[in-house]
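Engineer: In order, the protein sequences belong to chains A and B.
Residue numbering for the first sequence follows the working numbering, beginning at 42 and increasing consecutively.
Residue numbering for the second sequence follows the working numbering, beginning at 3 and increasing consecutively.
Where is the CB? At the ideal position from N, CA and C, for every residue including glycine.
Values in this document were obtained by computation on a predicted structure and should not be read as measured data.
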Amino acid sequence: MDSVRSDRQVAAPRVPLALKILIAGGFGAGKTTLVSALSEVRPLQTEEVLTGAGVDTDDISGVEQKSTTTVAMDFGRITINDDLQVYLFGTPGQDRFWFLWDELAFGALGAVVLADTRRLADCFPSIDYFEQRGVPFVVGVNCFDGARRFGLEAVRDALDLDPEVPLVLCDARDRQSGKLVLISLVEHVARQRGEPVPVG
Amino acid sequence: MRAESPGPQHEWLDGAAGPVVRPYTLTGGRVRPPVAGFDLVAFVLARPAADATGQPGFQPEHRRLVELARRPAAVADLAADLNLAVGVVRVLLGDLVARGLVAVHQPPTAAYLPDDNILKAVVSGLRAL
Chain A
42 MDSVRSDRQV
52 AAPRVPLALK
62 ILIAGGFGAG
72 KTTLVSALSE
82 VRPLQTEEVL
92 TGAGVDTDDI
102 SGVEQKSTTT
112 VAMDFGRITI
122 NDDLQVYLFG
132 TPGQDRFWFL
142 WDELAFGALG
152 AVVLADTRRL
162 ADCFPSIDYF
172 EQRGVPFVVG
182 VNCFDGARRF
192 GLEAVRDALD
202 LDPEVPLVLC
212 DARDRQSGKL
222 VLISLVEHVA
232 RQRGEPVPVG
Chain B
3 MRAESPGPQH
13 EWLDGAAGPV
23 VRPYTLTGGR
33 VRPPVAGFDL
43 VAFVLARPAA
53 DATGQPGFQP
63 EHRRLVELAR
73 RPAAVADLAA
83 DLNLAVGVVR
93 VLLGDLVARG
103 LVAVHQPPTA
113 AYLPDDNILK
123 AVVSGLRAL
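1) Three-state secondary structure (DSSP) at valine 127 of chain A?
2) Does the beta carbon of proline 171 of chain B sit closer than 8 Å to a beta carbon anywhere in chain A?
3) How is glycine 151 of chain A classed by DSSP in three states: helix, strand or coil?
4) Leaving out the 5 sequence neighbours to the left and right, which residues in its chain are closer than 8 Å to alanine 44 of chain B when beta-carbon positions are compared?
5) Hey, out of A:Phe171, A:Asp212, A:Pro177 and A:Ser167, whose CA is closest to aspartate 186 of chain A's CA?
6) Under 8 Å by Cβ, that's how I've got arginine 214 of chain A and threonine 74 of chain A pegged, so tell me the actual separation to the nearest angstrom.
7) Between the stretch 167-194 of chain A and chain B, which residues of the former have a C-beta closer than 7 Å to a C-beta of the latter?
8) For the stretch 45-72 of chain B, which residues have a beta carbon sitting closer than 8 Å to at least one beta carbon of chain A?
9) Would a check of beta-carbon distances place leucine 131 of chain B closer than 8 Å to chain A?
10) Since histidine 229 of chain A sits in a beta bridge, which residues does DSSP pair it with?
11) Could you spell out the range, first to last residue, of the alpha helix (DSSP H) harbouring asparagine 183 of chain A?
12) Kindly identify the DSSP beta-bridge partner or partners of glycine 66 of chain A.
13) Evaluate contact between the stretch 139-157 of chain A and the stretch 174-181 of chain A, counting only Cβ atoms and requiring at least three cross-stretch pairs below 8 Å.
14) Give the residues from the stretch 220-232 of chain A that approach chain B closer than 8 Å (Cβ to any Cβ), ordered along the chain.
15) So, does the CB of leucine 98 of chain B fall closer than 8 Å to a CB anywhere in chain A?
16) Do leucine 131 of chain B and arginine 216 of chain A have their C-beta atoms closer together than 8 Å?
17) Can we count histidine 64 of chain B as close to the ligand COA, meaning its CB is less than 7 Å from some heavy atom?
18) Proline 57 of chain A CB to nearest chain B CB: under 8 Å?
19) Can you tell me whether glutamine 233 of chain A is buried or exposed? The criterion is at least 16 other CB atoms within 10 Å of its CB, across all chains shown.
20) In whole angstroms, give me the CA-to-CA distance for leucine 121 of chain B and arginine 118 of chain A.
21) Can you tell me which residues form a DSSP beta bridge with valine 104 of chain B?
22) List, in order along the chain, the chain B residues whose C-beta lies closer than 8 Å to that of arginine 214 of chain A?
23) Ordered along the chain, which non-local residues of its own chain (more than five positions away) have a Cβ less than 7 Å from that of glycine 219 of chain A?
24) Proline 54 of chain A CB to nearest chain B CB: under 8 Å?
25) Does valine 43 of chain B come out as helix, strand or coil in the three-state DSSP assignment?
26) Taking a contact to mean a Cβ-Cβ separation below 8 Å, would you say lysine 61 of chain A touches glycine 131 of chain A in this structure?
27) So leucine 129 of chain A and isoleucine 224 of chain A are supposed to be a Cβ contact under 8 Å. How far apart are they, rounded?
28) Just mark aspartate 53 of chain B as buried or exposed, buried being the case when its beta carbon has 16 or more other beta carbons within 10 Å.
29) Give me, in chain order, the residues of the same chain whose beta-carbon lies closer than 6 Å to that of aspartate 97 of chain A; leave out the 5 immediate sequence neighbours on both sides.
30) In this structure, what does DSSP give as the bridge partners for threonine 73 of chain A?
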């Protein structure tokens, strides 16, 4: 893939480092809610326009006649400091948008998979995706009102999670709860790197 | 002469209806930028003397992008600010890069992992929320 040339300029404004975290899970698992709860700015939404035909059909003019459809992507931002920002991207829920995940997952720090115990199987595809691509992830069990509470071990068994994958209860509407999920992800990423934390 | 002009009065054209113009009209039908790249979290920064006025073929959105990029701005933020699809913004940004008006700073790729100090900073920043 080509990369765009980036020229460094003297005295140019500092460009922050942006870390990307994906929020995945089945439809209605609370992805949008979690992004909204955590974002420091109004919940942002952008959309990607999908073209109907395959990307192989190229023509010289670059003008292509295809049917288009749009898919909304939720995203949010958390500023850690002037040089460091965390971007949260909710993954599109529908299966037919899998290919968008590849772009979202590219260079991502990690992912949160939201699970709804009433429809646990809905998050299997997300878990499979991140396992296959080696993207570190944690599973947040969203505690919906009225949902039957299962023990975490029962959920872990049902999801067939590797023992090192963190599994945490959360309330996607609650910022404090959501941030604990993110913290568990970042700590998990740090552990996975296997480097000792420098002392002093 | 009086005609029913589409305007705010139109009951079927509220904010939820979205843009009335098809997305890629702005790009003249181009769906791929002249230069590749533009990750969602790539930062765009206008060159110091960048001036998008008077550029042939430019849309108002091109100029808006240059103005927004006076400070480093992520591609996703630019798309949200302009209320345009990311794919459209990428094409417009490609035009700006091709004319030397903005520089794009790609984020580190998958091979890169932030060091422990960065991860620690993220954790403490999150705790402080």
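Structural biologist: With the structure as the only source:
1) Against the first sequence, residue 127 of chain A aligns to sequence position 86. Strand, per DSSP.
2) No answer is possible for residue 171 of chain B: it lies beyond the span of chain B, which begins at 3 and ends at 131.
3) For the purposes of this step, residue 151 of chain A is identified with residue 110 of the first sequence, where counting begins at 1. Of the three classes helix, strand and coil, the one that applies to glycine 151 of chain A here is strand, per DSSP.
4) For the purposes of this step, residue 44 of chain B is taken as the residue at position 42 of the second sequence. Excluding positions up to five away in sequence, the list reads Ala76, Val77, Val106, His107, Gln108 and Pro109.
5) By 1-based counting over the first sequence, the position of residue 186 of chain A is 145. Among A:Phe171, A:Asp212, A:Pro177 and A:Ser167, the Cα nearest to that of aspartate 186 of chain A is on A:Asp212.
6) Residue mapping note: residue 214 of chain A aligns to position 173 of the first sequence, counting from 1. Residue mapping note: residue 74 of chain A aligns to position 33 of the first sequence, counting from 1. Right, the Cβ-Cβ distance comes to about 6 Å (below 8 Å), so this counts as a contact.
7) none
8) Phe45, Leu47, Arg49 and Pro50
9) Looking up residue 131 of chain B in the second sequence gives position 129. Yes - at least one Cβ of chain A is within 8 Å of the one on leucine 131 of chain B.
10) Locating residue 229 of chain A in the first sequence gives position 188, counting from the first residue. The partner list for histidine 229 of chain A (beta bridge, DSSP) is empty, contrary to what the question assumes.
11) By 1-based counting over the first sequence, the position of residue 183 of chain A is 142. Per DSSP, asparagine 183 of chain A belongs to no alpha helix (DSSP H); it is in the beta strand (DSSP E), 178-183.
12) Taking the first residue of the first sequence as 1, we reach residue 66 of chain A at position 25. Glycine 66 of chain A pairs with A:Leu155.
13) yes
14) Lys220, Leu223, Ile224, Val227, Glu228, Val230 and Ala231
15) Within the second sequence, numbered from 1, the residue matching residue 98 of chain B stands at position 96. Cβ-Cβ to chain A under 8 Å: no for leucine 98 of chain B.
16) By 1-based counting over the second sequence, the position of residue 131 of chain B is 129. By 1-based counting over the first sequence, the position of residue 216 of chain A is 175. Taking 8 Å as the Cβ cut-off, leucine 131 of chain B and arginine 216 of chain A qualify as a contacting pair.
17) As far as ligands go, the structure on display features none, and thus does not contain the ligand COA.
18) As a working note, residue 57 of chain A is residue 16 in the first sequence. Closer than 8 Å to some Cβ of chain B, the Cβ of proline 57 of chain A qualifies, so yes.
19) Your numbering for residue 233 of chain A matches position 192 in the first sequence. Label assigned to glutamine 233 of chain A: exposed.
20) In the second sequence, residue 121 of chain B corresponds to position 119, counting from 1. In the first sequence, residue 118 of chain A corresponds to position 77, counting from 1. Each residue's Cα considered, the two are about 16 Å apart.
21) By 1-based counting over the second sequence, the position of residue 104 of chain B is 102. Note: valine 104 of chain B sits in a beta bridge opposite B:Ala48.
22) On the first sequence, residue 214 of chain A is found 173 positions in, with the first residue counted as 1. Chain B residues near arginine 214 of chain A: none, gap ~15 Å exceeds 8 Å.
23) Residue numbering aside, residue 219 of chain A sits at position 178 when the first sequence is read from its first letter. Answer for glycine 219 of chain A: Leu75, Ala78, Leu79, Cys211 and Ala213, listed in chain order.
24) As a position in the first sequence, residue 54 of chain A is number 13, starting the count at 1. Chain B contact via Cβ: present.
25) To locate residue 43 of chain B, count along the second sequence from 1; it is residue 41. In the structure shown, valine 43 of chain B sits in coil (DSSP, three-state: anything other than H, G, I, E or B).
26) By 1-based counting over the first sequence, the position of residue 61 of chain A is 20. By 1-based counting over the first sequence, the position of residue 131 of chain A is 90. Their beta carbons are not under 8 Å apart, which means lysine 61 of chain A does not touch glycine 131 of chain A by this criterion.
27) To locate residue 129 of chain A, count along the first sequence from 1; it is residue 88. To locate residue 224 of chain A, count along the first sequence from 1; it is residue 183. Actually they are not in contact, since the Cβ atoms of leucine 129 of chain A and isoleucine 224 of chain A sit about 14 Å apart, beyond 8 Å.
28) The count along the second sequence starts at 1 and reaches residue 53 of chain B at position 51. With fewer than 16 other Cβ atoms within 10 Å, it is exposed.
29) Along the first sequence, one-based indexing puts residue 97 of chain A at 56. Note that aspartate 97 of chain A has pLDDT 43, beneath the 50 cutoff, so the model's placement of it is unreliable and no number is given.
30) Here the question's residue 73 of chain A lines up with position 32 in the first sequence. Its beta-bridge partners do not exist; DSSP assigns none.
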